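Written out below as structure tokens is the structure these notes cover.
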Amino acid sequence: MLESFKEKTNDTLYAAGYTIVLIAETFLNLRFTVEKRKEILDQMFIAGVGSLFVVSVVAVFTGMLLTLNTGLGLKDFGAEGQIGLLLTITLTREMSPFMTALILAASIGSAIAAEIGTMKVSEEIDALEVMSIDPVRFLVFPRVLGFSLMVPVLCVYSSILGILGGAIVGHFQLGIEYIVYFQDVNERITSIPGLKDLYTGLFKGYVFGLIISAISCSHGLRTSGGAIGVGRATRESVVTSFLMVIFFGYVITAIFYRQ
10 MLESFKEKTN
20 DTLYAAGYTI
30 VLIAETFLNL
40 RFTVEKRKEI
50 LDQMFIAGVG
60 SLFVVSVVAV
70 FTGMLLTLNT
80 GLGLKDFGAE
90 GQIGLLLTIT
100 LTREMSPFMT
110 ALILAASIGS
120 AIAAEIGTMK
130 VSEEIDALEV
140 MSIDPVRFLV
150 FPRVLGFSLM
160 VPVLCVYSSI
170 LGILGGAIVG
180 HFQLGIEYIV
190 YFQDVNERIT
200 SIPGLKDLYT
210 GLFKGYVFGL
220 IISAISCSHG
230 LRTSGGAIGV
240 GRATRESVVT
250 SFLMVIFFGY
260 VITAIFYRQ
């Protein structure tokens, strides 16, 4: 048991160090952004448009569920009129970045890990190195940059859809007029605390995108063992991404809103 724990700890530390170095190498390749603009735009399209339908459905129903459950609780105190304010805070600060990151980790992140992992076990990456082509610049950099730039955009999109879904439920289930609801939303978004919520959510989205894409590429590059190894790397990339999203989500909120 002790040897197994020691081996698992060593593997975890190695994976963490490998991913951190990979992120550092990615930032060192920022000078090739113009040269790699086509590949970056392709990755932005895959991450954005490719997951648009799922993000839309989840965003709408998240806003509806939050409005219904929170509104029913507030109705006992006669404060259901504040649901627009509370929903705006919850979505822009926490739920939109969180749900968007989880969706993209499960769909796009797993695809990245499987794609690079397949190239690794089929020795395509070794062939790139033989031709003096840097795998990080050729494979990792466009995916990390494109993915991390699209997540904040999807966070804003999901926040808007969640607020619209909350407006529908608030009107038909809680009897809140649309004008009152959207006045509260506008008042919160245009205030200084509301702008802080928005910036915090955008920053979380960027960090989540950077973490998910880097973890997916890291697992793909470290794949071994043929088809079974590709499946294992894909599964581990999703699990690790989920854990890191939850951890860094808490850390960022604690830093931005500490008293």
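Residue 10 is where the sequence shown starts when you use the numbering used here, and the numbers rise one by one after that.
Where is the CB? At the ideal position from N, CA and C, for every residue including glycine.
Being a predicted model, the structure only gives us computed values, none of them experimental.
Out of 31, 29 and 212, which has the shortest C-alpha to C-alpha gap to residue 259?
Nearest option by C-alpha distance: 212.
Give me, in chain order, the residues of the same chain whose beta-carbon lies closer than 7 Å to that of residue 28; leave out the 5 immediate sequence neighbours on both sides.
Taken in chain order, the residues that qualify are 223, 224 and 227.
Answer yes or no: do residue 67 and residue 117 have a C-beta to C-beta separation smaller than 8 Å?
Their beta carbons are not under 8 Å apart, which means residue 67 does not touch residue 117 by this criterion.
Drop a sphere of 10 angstroms on the beta-carbon of residue 248, count the other beta-carbons inside from all chains shown, and report buried for 16 or more, exposed for fewer.
Classification for residue 248: exposed.
Taking the straight line between their C-alpha atoms, what separation do you get for residue 164 and residue 79?
C-alpha separation (whole angstroms): 21 Å.
Per DSSP, what kind of secondary structure is residue 154 in: helix, strand or coil?
Three-state result, residue 154: helix.
Give the single residue among 142, 242, 257 and 54 whose Cα lies nearest to the Cα of residue 126.
Residue 242 is the option with its Cα nearest to residue 126.
May I have the straight-line CA-CA distance separating residue 130 from residue 209, to the nearest angstrom?
The straight-line gap from Cα to Cα measures roughly 39 Å.
With distance defined between alpha-carbon atoms, name the residue in 199, 253 and 56 nearest to residue 121.
With distances taken between Cα atoms, residue 121 lies closest to 56.
Can the beta-carbon of residue 214 be found less than 8 Å from the beta-carbon of residue 161?
Result yes, Cβ atoms of residue 214 and residue 161 sit closer than 8 Å.
Are at least three pairs of beta-carbons, each pair with one atom in the region 171-181 and one in the region 63-77, less than 8 Å apart?
Contact holds: three or more Cβ-Cβ distances are below 8 Å.
Check residue 120 in the structure and name its three-state DSSP category.
Correct three-state label for residue 120: helix.
Quick one: measure Cβ to Cβ for residue 93 and residue 191, integer angstroms, because I've assumed they're closer than 8 Å.
Confirmed, Cβ separation roughly 7 Å.
By how many angstroms is the C-alpha of residue 46 removed from the C-alpha of residue 119?
So the alpha carbons of these two residues sit roughly 23 Å apart.
Out of 261, 267 and 265, point me to the one whose CA is closest to residue 107's CA.
Checked all of 261, 267 and 265; the closest Cα to residue 107 is 261.
How far does the alpha helix (DSSP H) with residue 298 in it extend, from its first residue to its last?
Because the chain in this structure spans residues 10 to 268, residue 298 falls outside the shown range and cannot be described.
At which residues does the alpha helix (DSSP H) containing residue 192 begin and terminate?
Residues 187-198.
With a 10 Å radius around its C-beta and 16 neighbouring C-beta atoms as the bar for buried, classify residue 38 as buried or exposed.
Counting Cβ neighbours within 10 Å, residue 38 comes out buried, since at least 16 surround it.
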